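Below is one structure; the comments refer to it alone.
There are 2 protein chains.
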Amino acid sequence: MDLTARVEDYLEAVLEIEMTGEIATVTQIAANLGVTKATVTAALKRLKQEKLLEHERYGDVLLTEDGRAKALAVYRRHEFLSDFFVRILGFSRERAQRVSCVMEHEIDEQTERRLAAFTDALAHAERGNEEWLRKLQEALESPKALPMPLCMMPDGSGGAIARITAQYELRKRLNSAGFVPDALITDIRKFDGAPGGLFTFTMNAIQIRIGITEASAIWLYQPSIA
Amino acid sequence: MDLTARVEDYLEAVLEIEMTGEIATVTQIAANLGVTKATVTAALKRLKQEKLLEHERYGDVLLTEDGRAKALAVYRRHEFLSDFFVRILGFSRERAQRVSCVMEHEIDEQTERRLAAFTDALAHAERGNEEWLRKLQEALESPKALPMPLCMMPDGSGGAIARITAQYELRKRLNSAGFVPDALITDIRKFDGAPGGLFTFTMNAIQIRIGITEASAIWLYQPSIA
DNA sequence: TCTTCTAGTTAGAGGCATCAAACTTAACGG
DNA sequence: CCGTTAAGTTTGATGCCTCTAACTAGAAGA
Numbered sequence: 053m054d055l056t057a058r059v060e061d062y063l064e065a066v067l068e069i070e071m072t073g074e075i076a077t078v079t080q081i082a083a084n085l086g087v088t089k090a091t092v093t094a095a096l097k098r099l100k101q102e103k104l105l106e107h108e109r110y111g112d113v114l115l116t117e118d119g120r121a122k123a124l125a126v127y128r129r130h131e132f133l134s135d136f137f138v139r140i141l142g143f144s145r146e147r148a149q150r151v152s153c154v155m156e157h158e159i160d161e162q163t164e165r166r167l168a169a170f171t172d173a174l175a176h177a178e179r180g181n182e183e184w185l186r187k188l189q190e191a192l193e194s195p196k197a198l199p200m201p202l203c204m205m206p207d208g209s210g211g212a213i214a215r216i217t218a219q220y221e222l223r224k225r226l227n228s229a230g231f232v233p234d235a236l237i238t239d240i241r242k243f244d245g246a247p248g249g250l251f252t253f254t255m256n257a258i259q260i261r262i263g264i265t266e267a268s269a270i271w272l273y274q275p276s277i278a
Numbered sequence: 053m054d055l056t057a058r059v060e061d062y063l064e065a066v067l068e069i070e071m072t073g074e075i076a077t078v079t080q081i082a083a084n085l086g087v088t089k090a091t092v093t094a095a096l097k098r099l100k101q102e103k104l105l106e107h108e109r110y111g112d113v114l115l116t117e118d119g120r121a122k123a124l125a126v127y128r129r130h131e132f133l134s135d136f137f138v139r140i141l142g143f144s145r146e147r148a149q150r151v152s153c154v155m156e157h158e159i160d161e162q163t164e165r166r167l168a169a170f171t172d173a174l175a176h177a178e179r180g181n182e183e184w185l186r187k188l189q190e191a192l193e194s195p196k197a198l199p200m201p202l203c204m205m206p207d208g209s210g211g212a213i214a215r216i217t218a219q220y221e222l223r224k225r226l227n228s229a230g231f232v233p234d235a236l237i238t239d240i241r242k243f244d245g246a247p248g249g250l251f252t253f254t255m256n257a258i259q260i261r262i263g264i265t266e267a268s269a270i271w272l273y274q275p276s277i278a
């Protein structure tokens with residue numbers, strides 16, 4: 053991954069045009085990426101230097117072996133991600149597009165495989181678990197408000213635990229201490245003391261005191277205003 | 053979203069430092085983002101122009117009301133995404149970090165909500181569906197090779213259908229035509245004719261012919277070399 | 001053949017993000 | 001009060017990506 057993300061975009065654009073059976077032109081690439089032709093010419097120069105494509109003045113734009121392989125990898129990631137976001141996570145097409153565009157440059161093959169495995173597993177879960185699928189659809193239709201880390205809640209406030217963003221030891225510790233989704237927390241206060249501050253609050257009628265590490269792993273839904 | 057992604061990163065870095073109870077310094081920000089102090093000074097100038105923070109020569113770095121709100125939004129997205137990638141999708145911590153870093157600038161609140169809903173639904177599915185969870189874990193442990201769109205397979209080749217990356221009409225059409233995961237396709241050939249070409253192949257002992265649109269929505273696992 | 005149009009190119013510029021190297025402040029200890 | 005040190009700033013430069021405006025090559029008709 054030592055190509056810039058942008059260079060990968062140009063490669064991908066060329067491949068996509070080729071896939072329609074045509075030979076890529078500067079104008080088409082420009083339209084595809086939403087830039088001017090001048091910009092494309094400049095980019096082609098860079099691409100050519102890297103030996104990812106061949107291009108003579110006023111000539112055809114042709115991917116090299118190497119360029120084609122790189123383009124395919126990017127294209128595959130892009131398509132896969134976009135599909136994943138739309139079908140599995142229920143993103144809008146447009147949003148999925150934008151997110152895939154930036155993400156496609158950041159995931160490696162291993163990651164892509166994991167993602168694919170996840171999608172497959174989910175597809176299997178869908179068959180033969182209609183109940184769960186219905187719940188998921190429902191959830192996607194009526195999203196809740198967004199949570200906030202405990203350490204950022206205003207003094208005196210509270211809310212229900214949304215999630216714990218921690219792993220391993222810390223996660224386990226918080227879980228066994230009763231920090232689980234839906235538990236209610238009230239009367240949050242922040243004090244100086246430890247570096248980062250100390251936080252006290254009430255949960256299950258018990259007064260609890262934690263540090264910044266814990267307080268930034270516990271996310272709360274703010275109580276609705278209704 | 054008219055701030056550049058980078059500007060959002062600086063904002064986030066300041067907030068993260070503040071969360072430890074300290075006041076952000078140029079050196080700390082630089083270390084956080086892996087850039088030099090000179091770069092930070094330059095960035096602070098831009099941030100100040102946008103009225104997202106206050107900063108006098110050699111003075112403290114303080115977020116404005118506006119800046120803090122923006123920083124919190126970015127921070128929340130970042131943490132949530134990172135957690136999602138690690139816990140739900142099984143990414144490595146490092147990879148999750150990189151992906152969240154680019155993605156956090158591309159998702160809006162609506163999208164974040166959907167993602168959260170998905171996570172919640174999955175959490176519910178996990179309780180009370182141990183079987184499925186086990187399968188998912190297993191799948192994440194042993195990822196398969198990566199598929200490729202039919203239109204890019206070499207002449208004469210074939211493979212099993214991995215997935216259909218299409219929606220609505222096209223998806224339905226392909227499904228009812230028998231294009232479902234695991235179906236076997238052999239002897240793929242490409243011909244000129246329609247714009248983008250025509251593709252013929254054999255599936256279930258039947259010869260089929262499709263265009264580029266369909267051929268790029270059908271993804272195949274290449275048969276393993278063994 | 002000459003004209004005209006389109007595709008493509010070059011030249012010149014600017015913004016963002018970054019760096020290394022040299023410089024300036026502020027602060028602390030003697 | 002002065003010297004040293006750490007923190008922060010300035011300067012000058014680079015690379016990438018982009019643009020507008022002006023130019024040129026090539027193809028297609030009259």
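Each protein sequence line maps, in turn, to chains C and Z.
With the first letter of the first sequence counted as 1, position 11 gets the number 63 in the working numbering; the numbers rise by one all the way through.
With the first letter of the second sequence counted as 1, position 149 gets the number 201 in the working numbering; the numbers rise by one all the way through.
Yeah, the Cβ is synthetic: ideal placement off N, Cα and C, and Gly gets one too.
These numbers were taken from a predicted model, which means no experiment stands behind them.
With a threshold of 8 Å between beta carbons, is residue 154 (chain C) in contact with chain Z? Answer yes: the Cβ-Cβ gap between residue 154 (chain C) and chain Z drops below 8 Å somewhere.
In terms of DSSP beta bridges, what is residue 249 (chain Z) paired with? The beta-bridge partner set that DSSP reports for residue 249 (chain Z) is empty.
Could you check whether residue 163 (chain Z) and residue 147 (chain C) sit closer than 8 Å to each other, using their CB atoms as the reference points? Result yes, Cβ atoms of residue 147 (chain C) and residue 163 (chain Z) sit closer than 8 Å.
Please specify which runs of the beta strand (DSSP E), each continuous and at least 3 residues long, are wholly inside the stretch 193-245 of chain C, giving them in chain order. Here the runs fully enclosed are 211-216, 236-243.
Measuring only between beta-carbons, confirm whether residue 210 (chain C) sits less than 8 Å from chain Z. No, no contact with chain Z.
With a cut-off of 8 Å on the beta carbons, I'd call residue 140 (chain Z) and residue 174 (chain Z) a contact; round off their distance for me. About 6 Å; that satisfies the 8 Å criterion.
For residue 268 (chain Z) and chain C, any beta-carbon pair shorter than 8 Å? It does: the Cβ of residue 268 (chain Z) has a partner Cβ on chain C nearer than 8 Å.
Find out if the Cβ-Cβ distance for the pair residue 155 (chain Z), residue 200 (chain C) is shorter than 8 Å. No, the pair does not count as a contact, with Cβ atoms beyond the cut-off.
DSSP on residue 259 (chain C), reduced to helix/strand/coil? It is a strand residue.
Buried or exposed for residue 281 (chain Z), going by 16 or more other Cβ atoms inside 10 Å? In the structure as shown, chain Z begins at 53 and stops at 278. Residue 281 (chain Z) is therefore absent and cannot be evaluated.
Can you find the residues in the same chain that come closer than 8 Å, C-beta to C-beta, to residue 122 (chain Z), ignoring five residues on each side of it along the sequence? If you ignore the 5 residues before and after residue 122 (chain Z), its C-beta comes within less than 8 Å of the C-beta of 55, 60, 63, 104, all in its own chain and listed in chain order.
Roughly how many angstroms lie between the CA atoms of residue 205 (chain C) and residue 240 (chain C), to the nearest whole one? Going by C-alpha positions, residue 205 (chain C) is about 7 Å away from residue 240 (chain C).
Residue 269 (chain Z) versus residue 234 (chain Z): straight-line alpha-carbon distance, rounded: Distance from the CA of residue 269 (chain Z) to the CA of residue 234 (chain Z), rounded to the nearest whole angstrom, comes to 15 Å.
Can you tell me which of the three DSSP states residue 264 (chain Z) falls into? Residue 264 (chain Z) falls in the helix class under three-state DSSP.
With 8 Å as the threshold, decide whether the Cβ of residue 230 (chain Z) is near any Cβ in chain C. Judged by the 8 Å Cβ criterion, residue 230 (chain Z) is not in contact with chain C.
Comparing C-alpha positions only, which one of Z:250, Z:169, Z:198, Z:238 sits nearest to residue 280 (chain C)? The shown model of chain C, from 53 to 278, leaves out residue 280 (chain C), and the question about it has no answer.
From the DSSP output, in three-state form, read off residue 113 (chain C) for me. DSSP, read as helix, strand or coil, puts residue 113 (chain C) in strand.
Below 8 Å on the Cβ atoms is my contact criterion, and I expect residue 266 (chain C) with residue 236 (chain C) to pass it. Report the Cβ-Cβ distance as a whole number of Å. About 17 Å; that fails the 8 Å criterion.
Under DSSP, the alpha helix (DSSP H) around residue 67 (chain Z) begins and ends at which residues? Counting along the chain, the unbroken alpha helix (DSSP H) around residue 67 (chain Z) starts and ends at 57-71.
Chain C residues whose Cβ lies nearer than 9 Å to that of residue 247 (chain Z): Residues of chain C passing the Cβ test: 72, 73, 74.
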